[in-house]
Amino acid sequence: MTEIITIPCLADNYAFLLHSNGTTALIDAPEAAPILAVLKEKGWTLDMVLLTHHHWDHIDGLPDLLKEASPQIVGAAKDTHRLPKLDIALNEGDEITVGDLTGRIIDVSGHTVNHIAFAFPGAVFTGDSLFALGCGRVFEGSMEMMHKSLQKLAALPPDTMVYSGHEYTFGSAKFSLTVEPENQALQVRVKDVERLRAEGLPTVPALLSLELATNPFLRAPSAAAFAKIRTAKDNF
Ligand code: ZN
Ligand code: FE
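Going from the sequence shown to this note's numbering is simple: count from 1 and add 4.
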């Protein structure tokens, strides 16, 4: 049996615990305390930590986690110079097994170069590449690179759940409406997002099919169109 738990961390980060057949993997480590609390409550041992990228708000919880457990640290082979010390270094197309699940590494460079996503059957962990109704800022890569990365995620099975690294959806929803004001699926979704956030509930994860219908960054038909939308969001 597979279980995935969403753990709010810091101001607006999410970490996730993926548990399958007695094995537990953490995706990103923003801060240790809330993650350790869930592990304790569940009685799970932390076996692996899968890192999406090197930014502090995705790795800074690691030292305190390592005081309590001895997980294998997994990340991008091409980013070992600035990631915590890795036990398993992976490239695009490589596989990683957690219990009964085998995930595939997708290079989703753009927010950072060598940012990776972990695509398991039915669940993709996207870090700061694809967000609900949004995408990460393009800090290191090019707009072309980020567009290509998002298109790789768009090609996953539409019934995949997207587990992204931040709760940015409310702001992204407001912006998305300025790009596609006539999109009825988007209008309905923005209402749902407003209701969830008013109740203090997470909007993550979200179905990829819903992103495909409503996320203007994912729907951009070309790198040039994507660049225009991304630049407008940076100035929104
Ligand atoms: Zn980041
Ligand atoms: Fe982040």
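Built from N, CA and C at the ideal position, the CB exists for glycine as well.
Could you tell me how far apart the beta carbons of residue 119 and residue 57 are, in whole angstroms, since I believe they sit closer than 8 Å? Reading the sequence shown from its first residue, position 115 is the one you call residue 119. Reading the sequence shown from its first residue, position 53 is the one you call residue 57. Confirmed, Cβ separation roughly 4 Å.
Using a threshold of 7 Å, is the CB atom of residue 170 nearer than that to any non-hydrogen atom of ligand 2? In the sequence shown, the residue the question calls residue 170 occupies position 166. A distance criterion of 7 Å places the beta-carbon of residue 170 in contact range of ligand 2, judged by its closest non-hydrogen atom.
Return the Cβ separation of residue 14 and residue 68 in integer angstroms, given the expectation that the two are a contact with Cβ distance under 8 Å. Residue numbering aside, residue 14 sits at position 10 when the sequence shown is read from its first letter. Residue numbering aside, residue 68 sits at position 64 when the sequence shown is read from its first letter. That pair is no contact at about 13 Å.
Identified DSSP bridge partners for residue 7: Residue numbering aside, residue 7 sits at position 3 when the sequence shown is read from its first letter. DSSP output for residue 7 lists 23 as bridge partner(s).
Is it buried or exposed for residue 5, if we count other Cβ within 10 angstroms and need 16 for buried? Position 1 of the sequence shown, counted from the start, is the residue given in the question as residue 5. By the 10 Å Cβ count, residue 5 comes out exposed.
Out of 95, 100, 16 and 94, state which residue places its alpha-carbon closest to the alpha-carbon of residue 27. Numbered from 1 along the sequence shown, position 23 holds the residue referred to as residue 27. The closest CA to that of residue 27, considering only 95, 100, 16 and 94, is found on 100.
Rounded to the nearest angstrom, what separates residue 55 and residue 36 at their Cα positions? What you label residue 55 is simply residue 51 of the sequence shown in a count that begins at 1. What you label residue 36 is simply residue 32 of the sequence shown in a count that begins at 1. Cα to Cα, the separation comes out at about 14 Å.
Once the 5 residues before and after residue 4 are set aside, which same chain residues still bring their CB inside 7 Å of it? With the chain covering 5 to 240 only, the question about residue 4 has no answer from this structure.
Listed in chain order, which residues are found with a beta carbon closer than 5 Å to a heavy atom of ligand 1? Listed along the chain, these residues meet the criterion: 59 and 132.
Looking at C-alpha atoms only, which residue of 167, 219 and 209 is the closest neighbour of residue 191? Translated into the one-based positions of the sequence shown, residue 191 becomes position 187. Considering only alpha carbons, the answer is 219.
Spatial neighbours of residue 214 within its chain, please: C-beta separation below 7 Å, excluding the five flanking residues on both sides. Taking the first residue of the sequence shown as 1, we reach residue 214 at position 210. So the qualifying residues of the chain are 193.
What are the partner residues of residue 99, as DSSP defines its beta bridges? Along the sequence shown, one-based indexing puts residue 99 at 95. BP columns for residue 99 point to 108.
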